[in-house]
Amino acid sequence: MKKKVLSVMMATAMSLSLLAGCGSSTPATTETPADTTATETPAAETKTEDTTAAAETPAASGDVTEISLYRCSFNVANPDSAQVQKVQDAINAYIADKIPVQIKLTDIGSGEYTEKANLALANNEINLLWTASWEGTIGTNDLYPAKAVYDLTDLLPGTPLYGSMAEGQWEAAKYDGKIYFVPVYKDNVEGYDFMFRKDVVDAHGWDITSVKKLADLEPMLADAKADGLKYPFLTQKTAMFYRWYIDSFDFFTADAGANFVAVDRKTDEVVDTILTPEYLEFAKLMADWAEKGYISEDDATKTTNDQTTQTQDWAVTWWTDIPVNDEANARYGQEVVMQPATSRWAHSTSALGSCYCVTANSTPEQAKACVDFLGLLYTDSTLADMYTFGIEGEDFTYDANHQVEQNSDKYNHSMWESANATIVTPLSNEPANKAELYDAFNGGANTSSAAGFRFDKSPVEAQYTACANIAGEYGFALENGGVASKDVESTIEAYQAALDGAGYQDVLAEFQNQYNAWKASK
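Throughout the sequence shown, residue numbering follows mature numbering (1 follows the signal peptide of the UniProt record, and there is no 0), covering -20 to -1, 1 to 502 in sequence.
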């Protein structure tokens, strides 16, 4: 397994370097968006792999502006291009007499989304992009410093979009006092749960309320291993230190690939997390579980995917806590139960856990069209349901209570990555008062001492990128059981040495200086 993991580590580092290069090649700025002359182009041919330069040749009929919209599919690995086309056409027909906008919809499976969207961005093929603070390469913390996003600050006030959510949501989404990203109003705080398959819990009579920390899972994982399950503990091929240890640190980069720096909540100081006792504890536990067969090499080698949780091959995994955790039942096609693993925190990136941005290459007309479309999407339940669930009668139906039952493997999205919780119709297994639950959930979180701070990595961007590549090599393996127990400490030493060789101390000092200056300015 270790040789296989090493080869994946090397490939990952090379891939990250390539994607980072793609992202940095986007020359657009928010002050002078590139000219994209409008021409007649049919709104057909929506394909997962469409690379037509829609942003450069948008269709315009009279005052109608076409925008190219890219979104990520988490529920369907390979969205059906014909069904995506149907959804696009239905949306365009519905909005035709409401706003002077038509969309060209590209729906890409999550396994390919970052790479394909990054390439399309570099080629100026996108106007409206779904992204998130935690996304790699095309995340909010990548797009803003690359000047790849359009400044919406003056365009938003007075629009239906701006009025669709509270002022505080817009404040939390700002970078340097300006609005570049449009949050999806959902669970805009961050916390995590242990997620169990209910049939496995029932079969063994587990008391999941006794689980307070990761190590408490071990007897249950032993049972799952004895059952012959392939993934007793499924990491979902995610480096999880920055999630499981959120009560100890504010990982304000919101990036699993850069969890080598954080604010220590006890001291309110920026620290090197790789040298903390917590990191050693976590890496040792993951190594031990891998050797006991609780963690599969499929996670360490990134063979698992976003659909693995829809199988019966696992017992325990992680879940991002939300107001209505029953949503997971529909997402994974089976009944699951949750036990809190962390507290909930409001911090700088939590409001942008799912959001949209207008790309900097868009013309002012296209930017306005994007705002108009999002304004309708965030306020019109019929459009929100169509965009989220697809075609009524084909992809979903409404039950007797006018709640949604999804039944499609061709087009299938969730509220959290689509539109506001206040407007998307609840699923049939969700409470009818879902919107009120979200308001209460967001109001009950702890506020991080670092809330409001955003790191500007531009002074040390080369060093930061090099360190992120090293984290992808060493950190991912350490956090997914890809290193033997006996080698954990020496690998952490090698990891730190590699970071230092890449300029990590410059990065750490810049983080510390910026954070201290921010604290002094408060």
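Just so it is clear, CB atoms sit at the ideal spot from N, CA and C, and this is done for glycine as well.
Check for me: the beta strand (DSSP E) holding residue i runs from which residue to which?
| i | result |
| --- | --- |
| residue 363 | Careful: residue 363 lies outside any beta strand (DSSP E), inside the alpha helix (DSSP H) at 361 to 369. |
| residue 491 | Segment 484 to 501 is the alpha helix (DSSP H) holding residue 491; no beta strand (DSSP E) there. |
| residue 348 | Here residue 348 belongs to no beta strand (DSSP E); instead the alpha helix (DSSP H) covers 344 to 357. |
| residue 385 | 384 to 386 |
| residue 415 | Unbroken run through residue 415 is the alpha helix (DSSP H), 414 to 423; no beta strand (DSSP E). |
| residue 244 | 241 to 244 |
| residue 213 | 211 to 213 |
| residue 233 | Premise fails: residue 233 is in no beta strand (DSSP E) and is neither H nor E. |
| residue 303 | From DSSP, residue 303 is part of no beta strand (DSSP E); its letter is neither H nor E. |
| residue 160 | No beta strand (DSSP E) contains residue 160, which DSSP labels as neither H nor E. |
Give the secondary structure of residue i by DSSP, where H, G and I count as helix, E and B as strand, and everything else as coil.
| i | result |
| --- | --- |
| residue 155 | strand |
| residue 8 | Annotation note: pLDDT 35 at residue 8 (below 50); position unreliable, no value reported. |
| residue 481 | helix |
| residue 51 | strand |
| residue 320 | strand |
| residue 279 | helix |
| residue 395 | helix |
| residue 189 | helix |
| residue 179 | helix |
| residue 105 | coil |
| residue 251 | strand |
| residue 466 | helix |
| residue 440 | helix |
| residue 40 | Caution is warranted here: a pLDDT of 43 is assigned to residue 40, below 50, making its placement in the model unreliable, and the coordinate value is therefore given only provisionally. Here residue 40 sits in strand by DSSP. |
| residue 331 | helix |
| residue 402 | coil |
| residue 336 | strand |
| residue 287 | coil |
| residue 450 | helix |
| residue 407 | strand |
| residue 121 | helix |
| residue 224 | helix |
| residue 82 | strand |
| residue -11 | Below a pLDDT of 50, predicted positions are generally treated as unreliable, and residue -11, at 42, falls in that range; the measurement from the model is reported next regardless. Here residue -11 sits in helix by DSSP. |
| residue 473 | helix |
| residue 142 | helix |
| residue 456 | helix |
| residue 114 | coil |
Can you check whether the CB of residue j is closer than 8 Å to the CB of residue i?
| i | j | result |
| --- | --- | --- |
| residue 101 | residue 338 | no |
| residue 430 | residue 173 | no |
| residue 154 | residue 317 | no |
| residue 571 | residue 363 | The shown model of the chain, from -20 to 502, leaves out residue 571, and the question about it has no answer. |
| residue 48 | residue 105 | yes |
| residue 336 | residue 110 | yes |
| residue 322 | residue 165 | no |
| residue 313 | residue 452 | no |
| residue 205 | residue 212 | yes |
| residue 219 | residue 460 | yes |
| residue 121 | residue 455 | no |
| residue 366 | residue 71 | yes |
| residue 50 | residue 250 | no |
| residue 130 | residue 136 | no |
| residue 201 | residue 308 | no |
| residue 286 | residue 90 | yes |
| residue 254 | residue 492 | no |
Which residue wins for smallest C-alpha separation from residue i, given the options the options?
| i | options | result |
| --- | --- | --- |
| residue 448 | 233, 77, 128 | 233 |
| residue 114 | 329, 282, 455 | 329 |
| residue 55 | 498, 288, 437, 496 | 288 |
| residue 283 | 60, 215, 475, 398 | 215 |
| residue 128 | 161, 454, 425, 186 | 161 |
| residue 246 | 239, 260, 226 | 226 |
| residue 118 | 97, 207, 263, 185 | 97 |
| residue 306 | 254, 489, 344, 407 | 407 |
| residue 324 | 483, 488, 171 | 171 |
| residue 332 | 159, 90, 131 | 159 |
| residue 185 | 195, 203, 175 | 203 |
| residue 197 | 427, 44, 319, 147 | 319 |
| residue 400 | 409, 410, 415, 411 | 415 |
| residue 67 | 372, 483, 395 | 372 |
Which residues bound the alpha helix (DSSP H) around residue i?
| i | result |
| --- | --- |
| residue 266 | 257 to 271 |
| residue 91 | 90 to 102 |
| residue 68 | 61 to 75 |
| residue 203 | 198 to 206 |
| residue 312 | 307 to 312 |
Query raised in the report: On the three-pair Cβ rule with 8 Å, is the stretch 348 to 359 touching the stretch 74 to 88?
Result: yes
Report task. Decide yes or no for the touch test of the stretch 414 to 431 against the stretch 299 to 307: beta carbon pairs closer than 8 Å, at least 3 of them. Result -> yes
Query raised in the report: Does the stretch 426 to 444 come close enough to the stretch 265 to 280 that 3 or more CB-CB pairs lie under 8 Å?
Result: no
Report task. Please determine if the stretch 357 to 376 and the stretch 184 to 191 are in contact, where contact requires at least 3 C-beta pairs separated by less than 8 Å. Result -> no
Query raised in the report: Would you call the stretch 51 to 66 and the stretch 381 to 390 in contact, with 3 or more CB pairs under 8 Å?
Result: yes
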